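Down below is the structure, laid out as structure tokens.
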Amino acid sequence: MPKPKRQLTGVAKDKYRIPKEEILYLKRVIFDMENNRSRLQQAREHAQYHDTPLSWTHVAAALKADMLDLSYVNRSLKKSIQMHTQTANLLSLWVSHQSLHAPKPTTTRETWQSSHLMLGDPALRKTACEWISKQMVHNTPQAMADIPFPFDADDQIHVHVLDDDDGVVRTKVMAQFMLPFPRDQVTNAVWTAEGSFCATQLDVFDCNTEDVGHGPRRIQLKTLSYLSSTTTDESIMTLRTIVQDDAHPTDKKTWLMETKMWIVMEQWGPQYTRVRTFFTMTQPFTKRGFVSVEEYARFQRNVPIEYPVDTKALLRQVKQRSYDGHMEQRRQWKEHVLRAFAAARFGRVRNNLKMGLVGLPNVGKSSLFNLLTAQSVAAENFPFCTIDPNEARCAVPDERYECEYPAYLQCTDIAGLIRGASEGAGLGNAFLSHIQAVDGIFHVIRAFESEEVVHVDDTVDPIRDLETIQGELCKKDLSYVLAQRKARETDVRKNPTMKLPPLFFTVMDTVQELLEANKSIASKNDWTAPEVDKINELIPAAITTKPIIYLVNLTKRDFIRKGNKWLVPIKQWVDSHGGGVMIPFSVEFEQELWDQRKVNKEFVPEVPSVLPRIIKVGGFIKAEVVGFEDFKTLSEGDKKGMSKVKAAGKYRQEGKTYVVQDGDIIYFQFNVTNKKK
């Protein structure tokens, strides 16, 4: 145990004694510090409830922010004043044209605002479009009563071409069709088909200039489409042309045509829908008045004109030409609707769309593949340059928004097919199996002459090439169908309790007849819903049920001048074999544009992309959908803009039967549960 320290005594103890004066001084310092702390605490509490002086830097920044806010408010107020001024002037003009006992607008008596689209901001123009469309929906009963419709379920078409005392031709068309599908599916198919039907009726080049008289005449058809479901068993689609658009005024020489159309789709039993169509069309006119009968006849092109002109005889020819054209157009419209419906039902598109480039050797498949995917696969001037299929993904950016995860298109460059490939000719049957793995087909057709690029058949004949590819695909499907049928019938013979339904034999016999006649399965437009489901069940890997886009490869000169002797025969062949989208293009011209891009980097801006992550899960509950245009108009750039969309009633719920439209913003909801072990 250590010893205790010894206490200091005497002088050493006095050495550590603190004087009394120093103690008093330290006490005064502590007292002053306590008072100072108390004053600072009071000042801090006071500053919580009172403003404190700011530096001039902070004052200047605050004034700058306030001025920017006031400037933005000022611009918004000026814009609002301008919009309300335009609206007030328009309403004033509208009221001045009304009488106290004015009748309701009808198809025969309309006011000027029935086809007038005013100038204003997007919200105002959208309101005007909705007003015009809803007025047409409201007048549907009066419009449909203008011409008698049949009461039975037969398909009928009636065309009435009339002329008044001034020689102006007016056309009224009535059509009724029965489609073997439920109303909701027919509504989606009609809406989709109507948007693309005009393109099938134009020339192969989408050109709105026709050679009429001594110079070009520009015909403008600006249409406004609207779809409304008035009841649970009826849907109405309206379409009309906008005669006057203040935002895009027309010149005095532009031809206009006033067209109004009503399409009423009614449920007719559990599996049928009756589609009634009525539309009216006037003779072309300009701001100076209706065009003459002679000019109208030149526009129709197939009406012969003899000089001196007999106006009455020429008018009869024009009316007969209009009658024949509209009769044929209504038949083609029904076929187009059925093709669009069949293509949607036979489609088996997954999360990533996979398209295959198909065609004969040396038609431009590999060159097009390089342009689409920015690859550099071999594209040489000899057959079967491509042996193993080349695959790549290319981003498909959408100009409507800054896309963090753009859509991707997966392209597969499949080796060229030749006659007899299904029997082992060329590189054999393997390449036909590669086509079975894709969702759709880009059928590349060669329509250009070149001594430098050899043809596998020595001469260029696109129709012969189409027949060759069609025949090989049908033969491949025929062998596949026969094998599947034999396997099912063998299973039935082994098991006496099994029995094939009558629908099996109906579907398989029809499919076999089509393929033996060198026709694709999708070319039959009147497949019923049970038959389509049975085809998807029995032969899911059939090639000829896939949608086909025909790409016609032209020379640069033909593409620029929009003319080639093979375009019309190719279009006729496509229409007679089930129809499809036909796109003329030029690999030569596209390659020059790509090379120009390398020289001038600003020629086409780069679009950054990020690889998307797509998760497949089960337990689908519903999809909440809003259109892009509705979201853009209502959100106004606000991060919480979806609440405004919901308040406006544009946020809807859809189920599994909904057909996704271009630009849809969809929020999917699932009920994901763990699988039982």
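The opening residue of the sequence shown carries number 1 in the UniProt record's numbering; numbering runs sequentially from there.
Beta carbons: idealized from backbone N, C-alpha and C, even for Gly.
It should be emphasised that the depicted structure is a prediction, and the values quoted were computed from it without experimental measurement.
Locate the beta strand (DSSP E) running through residue i, then write down its first and last residues.
i    : result
I236 : 234-241
W262 : 259-267
E654 : 652-654
V161 : 156-163
P19  : It is not in any beta strand (DSSP E) - P19 carries neither H nor E in the DSSP assignment.
F442 : 440-446
V552 : 548-553
D662 : That residue, D662, is in no beta strand (DSSP E); it is neither H nor E in DSSP.
T412 : 407-413
I583 : 581-585
L353 : 353-358
V511 : Taken as a continuous stretch (DSSP letters only), V511 belongs to no beta strand (DSSP E), being part of the alpha helix (DSSP H) at 502-516.
E391 : 390-396
Around the Cβ of residue i, are there at least 16 other Cβ atoms within 10 angstroms (buried) or fewer (exposed)?
i           : result
E130        : exposed
L593        : exposed
P584        : buried
P284        : buried
S367        : buried
F382        : At F382 the pLDDT is 44, less than 50, meaning the model places this residue with poor confidence; the figure from the coordinates comes in the next sentence. Flag for F382 reads exposed.
L478        : buried
P540        : exposed
K253        : exposed
N74         : exposed
R39         : exposed
residue 679 : Residue numbering for the chain in the displayed model covers 1 to 677; residue 679 lies beyond these limits and cannot be assessed.
K20         : exposed
S520        : buried
D630        : buried
T85         : exposed
N36         : exposed
S92         : exposed
R183        : buried
D465        : buried
K486        : exposed
R316        : exposed
I441        : buried
G578        : buried
Q470        : buried
G120        : buried
P361        : buried
F505        : exposed
T140        : buried
Can you list, in chain order, the residues of its chain with a C-beta nearer than 6 angstroms to that of residue i? Leave out the 5 residues immediately preceding and following it.
i    : result
Y667 : E624
M118 : L90, A128, D246
V581 : I549
F559 : S586, F589
T171 : V161, M281, S322
Specify, as a first and last residue, the run of the alpha helix (DSSP H) that residue i falls within.
i    : result
A175 : It is not in any alpha helix (DSSP H) - A175 instead sits in the beta strand (DSSP E) that spans 169-179.
E472 : 462-494
V363 : Here V363 belongs to no alpha helix (DSSP H), and DSSP marks it neither H nor E.
F149 : Unbroken run through F149: none, as it is neither H nor E.
A247 : Taken as a continuous stretch (DSSP letters only), A247 belongs to no alpha helix (DSSP H), as it is neither H nor E.
P530 : 529-538
A128 : 122-138
A647 : 642-647
M570 : For the sequence presented, residue 570 should be read as Ile rather than Met. That run of the alpha helix (DSSP H) goes 567-576.
S520 : Run containing S520: none; DSSP gives neither H nor E here.
Excluding the five sequence neighbours on either side, which residues of its own chain have a C-beta within less than 7 angstroms of the C-beta of residue i, listed in chain order?
i           : result
K334        : F177
residue 700 : The structure shown does not extend to residue 700, since the chain is modelled only from 1 through 677, so no value can be given for it.
L372        : C394, C411
A123        : T633
Go through its chain and collect everything with a Cβ distance to residue i's Cβ below 8 angstroms, but skip five positions before and after it.
i    : result
W268 : A153, M178, R274
V507 : E531, K534, I535, L538
V444 : L357, V358, G359, V363, G364, K365, L368, L551, N553
P150 : Q156, Q176
Contact the region 159-174 vs the region 317-329: 3+ CB pairs below 8 angstroms: yes
Given 8 angstroms, three or more beta-carbon pairs between the region 493-500 and the region 446-458: no
At least 3 beta-carbon pairs within less than 8 angstroms: the region 237-256 vs the region 166-176: no
Continuous beta strand (DSSP E) assignments of at least 3 residues falling wholly in the region 268-300: Counting whole runs of 3 or more residues, the region 268-300 contains the beta strand (DSSP E) stretches 273-282.
Three-pair Cβ contact test at 8 angstroms for the region 249-265 versus the region 285-297: yes
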